[in-house]
Amino acid sequence: MRIIAAKDYNDMSRKAANIISAQVILKPDCVLGLATGSSPIGTYKQLIEWYKKGDLDFSQVKTANLDEYRGLPKSNDQSYDYFMKDNFFNHININFDNLHIPDGEEPDAEKACADYDRIVADLGGVDLQLLGMGHNGHIGFNEPSDVFAKGTNCVDLQESTIEANKRFFASIDEVPRQAYTMGIGTIMSAKKILVVVSGKDKAPIVKKAFFGPITPRVPASILQLHPDVTVIADADALSECEL
285 MRIIAAKDYN
295 DMSRKAANII
305 SAQVILKPDC
315 VLGLATGSSP
325 IGTYKQLIEW
335 YKKGDLDFSQ
345 VKTANLDEYR
355 GLPKSNDQSY
365 DYFMKDNFFN
375 HININFDNLH
385 IPDGEEPDAE
395 KACADYDRIV
405 ADLGGVDLQL
415 LGMGHNGHIG
425 FNEPSDVFAK
435 GTNCVDLQES
445 TIEANKRFFA
455 SIDEVPRQAY
465 TMGIGTIMSA
475 KKILVVVSGK
485 DKAPIVKKAF
495 FGPITPRVPA
505 SILQLHPDVT
515 VIADADALSE
525 CEL
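Counting from 285, one number per residue, gives the positions in the sequence shown under my numbering.
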């Protein structure tokens, strides 16, 4: 695991975008595993800027997103399908047939999860997986648990996650209580993993996840076992760690 210290959020975003752009340049038809949330937005903005300058070509890239709320239509402005298009896909030359996100509108959880596992397998796996990390150590929507989930699964979101996401909805009652998420096993099968973390509020979980014991109670701690992980975190997020 390589931990790269960034000065601030913007520096973190640029450093992460550099790694993703290198992947796209070296393998134009690569499979990118992508994440939602506030952490990667700056990275997407930087990639868009470089695309508009003519430095990047996404025409052959395929993507597989980590997760999606269960029960939200794609047209809902809080769905992750909407988020990815609004923050990234609509601004680059990517082929929309090459975009893959769990189907939150599929009511049959078993079918939705099996379908998504099949999609990722048919892609040949993920070349570079981008991750953020929740305050409780979740990656994707894999919440603290007694076991590490292997494949795509339907999760009950913990109250801390619902609380963290309520700012995006009109009220906490509108926050979905379940989500479909790529499993820990699938995430760990990615050839490379890139984690972006920022903010003083993430400092305690950064220490637990990357310097503490490996436990499903801190899902991100499993990343310590991956052979090629790069963590890019700003000074605030690393403030409780001794590097």
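Ideal Cβ placement from N, Cα and C applies to all residues, glycine included. In this text the structure is predicted, and so the values were computed from the model without any measurement.
- Query: In chain order, what residues of the same chain lie with their CB nearer than 6 Å to the CB of residue 450, ignoring the 5 residues before and after it?
  - Reply: 456, 459
- Item | Three-state secondary structure assigned by DSSP to residue 390 | coil
- Message: Rounded to the nearest angstrom, what separates residue 429 and residue 338 at their Cα positions?
- Response: 44 Å
- Query: What's the call for residue 402, buried or exposed, on a 16-neighbour Cβ count within 10 Å?
  - Reply: exposed
- With DSSP as the reference, label residue 490 as helix, strand or coil. helix
- Query: Straight-line CA distance for residue 292 to residue 519?
  - Reply: 7 Å
- Can you pull the DSSP bridge partners for residue 476? 412
- Message: Just list the residues that DSSP pairs residue 440 with in beta bridges.
- Response: 462
- Which full runs of the beta strand (DSSP E) of 3+ residues lie inside the stretch 497-525, going along the chain? 513-518
- Going by CA-CA distance only, name the one from 469, 470, 395, 443 that's closest to residue 462. 443
- Enumerate in chain order the residues of its own chain whose CB-to-CB distance from residue 323 is below 6 Å, with the five nearest sequence positions on each side excluded. 416, 480
- Item | residue 313 to residue 344 span [Cα, whole Å] | 5 Å
- Distance, residue 336 Cα to residue 425 Cα: 32 Å
- Query: Which first and last residues belong to the beta strand (DSSP E) in which residue 291 is found?
  - Reply: Here residue 291 belongs to no beta strand (DSSP E), and DSSP marks it neither H nor E.
- For residue 377, count neighbouring Cβ atoms within 10 angstroms of its own Cβ and tell me buried if that reaches 16, exposed if not. exposed
- Item | Integer Cβ distance of residue 352 from residue 386, believed to fall under 8 Å | 4 Å
- For residue 487, the nearest candidate out of 325, 523, 421 (CA to CA): 523
- Put residue 310 into one of helix, strand or coil per three-state DSSP. helix
- Message: My assumption, with CB atoms under 8 Å, is that residue 482 sits in contact with residue 421. Please give the rounded CB distance.
- Response: That belief does not hold up - the Cβ atoms of residue 482 and residue 421 are roughly 16 Å apart, past 8 Å.
- Query: Along the chain, where does the beta strand (DSSP E) that runs through residue 318 open and close?
  - Reply: 315-318
- Message: So, for residue 358: in the same chain, excluding its five sequence neighbours on each side, which residues have a beta-carbon less than 6 Å away from its beta-carbon?
- Response: 365
- Query: Whose C-beta lies closer than 7 Å to the C-beta of residue 383 among residues of the same chain, with five residues either side of it excluded?
  - Reply: 347, 373
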